[in-house]
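Residue numbers (the working numbering): 793 to 873.
Right, dumping it as structure tokens:
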């Protein structure tokens with residue numbers, strides 16, 4: 793089973809680079825550019841790992857991580873920030 797990784801990055805070039813490298817190594821990738829969509833997208837796609845930028849426009853990556861860890865559905869997903 794292919795592992796799914798959610799890449800949260802508001803910089804288009806960085807997000808594309810992360811996604812390209814992960815796909816080239818056999819991972820399924822769910823890119824997210826908007827920090828406001830992170831929790832909703834994570835619930836919908838159930839990633840095995842979230843790679844998150846800490847400095848997102850309009851929302852703090854740290855706040856999103858805390859919200860995910862407080863969510864009973866998302867709390868088991870590891871986050872690399």
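Using N, Cα and C, we set each Cβ at its ideal position, and we do this for glycine too.
Status (buried if at least 16 other CB within 10 Å, exposed otherwise) for residue i
{"i": "residue 845", "result": "buried"}
{"i": "residue 830", "result": "buried"}
{"i": "residue 849", "result": "exposed"}
{"i": "residue 854", "result": "exposed"}
{"i": "residue 801", "result": "buried"}
Where residue i sits in the DSSP three-state scheme
{"i": "residue 796", "result": "strand"}
{"i": "residue 805", "result": "helix"}
Beta-carbon contacts of residue i that lie in its chain and below 7 Å, excluding the five residues immediately before and after
{"i": "residue 851", "result": "827, 828"}
{"i": "residue 839", "result": "796, 797, 798, 822, 869"}
Bridge partners - residue i, DSSP secondary structure assignment
{"i": "residue 865", "result": "Answer by DSSP bridge pairing: none, since residue 865 is not bridged."}
Cβ-based neighbour list, residue i, same chain, cut-off 6 Å, excluding 5 preceding and 5 following
{"i": "residue 815", "result": "821"}
Contacting residues, own chain, Cβ-Cβ under 8 Å from residue i (five flanking each side not counted)
{"i": "residue 812", "result": "none"}
Problem - Ordered list of beta strand (DSSP E) runs contained in the stretch 814-862, each at least 3 residues - result: 820-824, 841-844
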